Structures are given as C-alpha cells and as structure tokens.
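A.B. asks:
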Amino acid sequence: KPKEEWDPLLKEMLALKAQYKEITGVDFDPPKKASSKKKAESGGGEAQQEASDKNKEKNAKKAAVKAAKEAKKLANRLERERREKEKAEKLAGKGADNFGDAPLIKSHEHTDKVWTHISALDQ
305 KPKEEWDPLL KEMLALKAQY KEITGVDFDP PKKASSKKKA ESGGGEAQQE
355 ASDKNKEKNA KKAAVKAAKE AKKLANRLER ERREKEKAEK LAGKGADNFG
405 DAPLIKSHEH TDKVWTHISA LDQ
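Using the numbering used here, you'd call the opening residue of the sequence shown number 305 and step up by one each time.
Right under this line is the structure:
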C-alpha cells in the first residue's frame with residue numbers, strides 16, 4: 305500500500321501508545337505468551353503433582369526398557385571396537401611372521417649356475 309494510506313494509521317497508533325504510557329506509567333508491550341503466565345501462577349504445577357501408581361509402573365517399565373537399550377548399545381559398541389582393533393592389528397602385520405606372503409625365492413642364491421649379461425651375448 306502507498307505510504308499515504310497507512311501513515312495516518314501509524315501516527316494514530318503511536319499517539320495511543322503515548323496516551324497509554326501517560327495513564328499507566330508503563331510502556332505498551334505486545335502481549336506475553338499465556339503458557340508462561342499459567343506456569344507462574346500455578347508454581348509449575350507438574351512438579352507438585354505426584355505420579356499415580358499406574359504411572360509409576362509405566363515409568364518403571366520405560367526406564368527398564370531404556371536401560372536395556374543402553375546396555376545393548378554399549379555391548380554393540382564394545383564388540384565393534386574389538387573387531388576394529390583386530391582388523392587394525394591384522395593390517396599392521398601382527399602375526400605376519402607366521403602367515404602371509406612367502407618371500408620371493410631367488411634362484412641365483414640357491415644354485416651354482418653362472419649368469420651371463422645380455423650385453424655379453426654380442427661378443
């Protein structure tokens with residue numbers, strides 16, 4: 305909208321805010337959230353209310369399931385770390401003296417055969 309349409313409305317709103325401050329002595333602020341007022345009035349109601357027996361049982365079951373899940377996660381993590389450690393040791397060559405590739409067998413070290421260089425074949 306053009307400024308000519310909303311400018312008078314803005315001036316009227318600012319005048320009303322100034323009038324409100326004169327009467328109450330407090331600046332006009334936007335309204336607060338209702339949920340924060342309710343909590344302040346009731347003193348945090350949830351903390352004062354005690355759980356029923358049925359809810360206590362439910363919460364205990366939930367806690368047991370959560371504990372079992374955490375224990376399973378821990379066991380899986382330890383197993384994964386063990387496998388990764390074994391893999392790293394294998395790649396690092398631990399036990400390579402017993403297993404792995406055999407060394408290259410060089411026949412000139414094991415025989416008395418005399419070898420001739422290719423350059424000597426022309427002569």
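Virtual Cβ for every residue (Gly too), placed ideally from N, Cα, C.
None of the values given here were measured: they were computed from a predicted structure.
1. Quick check on glutamate 354: does DSSP put it in helix, strand or coil?
2. Does the Cβ-Cβ distance between aspartate 331 and lysine 325 come in under 7 Å?
3. Can you tell me whether DSSP reads lysine 305 as helix, strand or coil?
4. Give me the Cα-Cα distance between arginine 386 and alanine 379, rounded to the nearest whole angstrom.
5. To the nearest angstrom, how far is it from the Cα of valine 369 to the Cα of glutamate 383?
6. May I ask you to report which of helix, strand or coil DSSP gives threonine 328?
7. Taking 7 Å as the limit between beta carbons, can you name the residues of its chain near aspartate 311, skipping five residues before and five after?
8. Report the rounded CA-to-CA distance for lysine 365 versus alanine 355, giving the unit in angstroms.
9. Where does aspartate 333 sit, in a helix, a strand or coil, going by DSSP?
C.D. replies: To lay it out plainly:
1. Walking along the sequence shown from the start, residue 354 turns up at place 50. Reduced to three states, the DSSP call for glutamate 354 is coil.
2. What you label residue 331 is simply residue 27 of the sequence shown in a count that begins at 1. What you label residue 325 is simply residue 21 of the sequence shown in a count that begins at 1. Contact flag set, yes.
3. The residue labelled residue 305 in the question sits at position 1 within the sequence shown. If DSSP states are grouped into helix, strand and coil, lysine 305 belongs with coil.
4. As a first step, residue 386 must be located in the sequence shown, where it is residue number 82. As a first step, residue 379 must be located in the sequence shown, where it is residue number 75. Looking at the two C-alpha atoms, the distance is approximately 11 Å.
5. What you label residue 369 is simply residue 65 of the sequence shown in a count that begins at 1. What you label residue 383 is simply residue 79 of the sequence shown in a count that begins at 1. Near 21 Å, if we compare the C-alpha coordinates of glutamate 383 and valine 369.
6. Residue 328 sits at position 24 when you count from the first residue of the sequence shown. Here threonine 328 sits in helix by DSSP.
7. By 1-based counting over the sequence shown, the position of residue 311 is 7. Spatial neighbours of aspartate 311 in its own chain (CB-CB distance under 7 Å, excluding positions within 5 residues in sequence) are not present.
8. Reading the sequence shown from its first residue, position 61 is the one you call residue 365. Reading the sequence shown from its first residue, position 51 is the one you call residue 355. If you take the alpha carbons of lysine 365 and alanine 355, they lie about 14 Å apart.
9. For the purposes of this step, residue 333 is taken as residue 29 along the sequence shown, with counting starting at 1. Note: aspartate 333 maps to coil in three-state DSSP.
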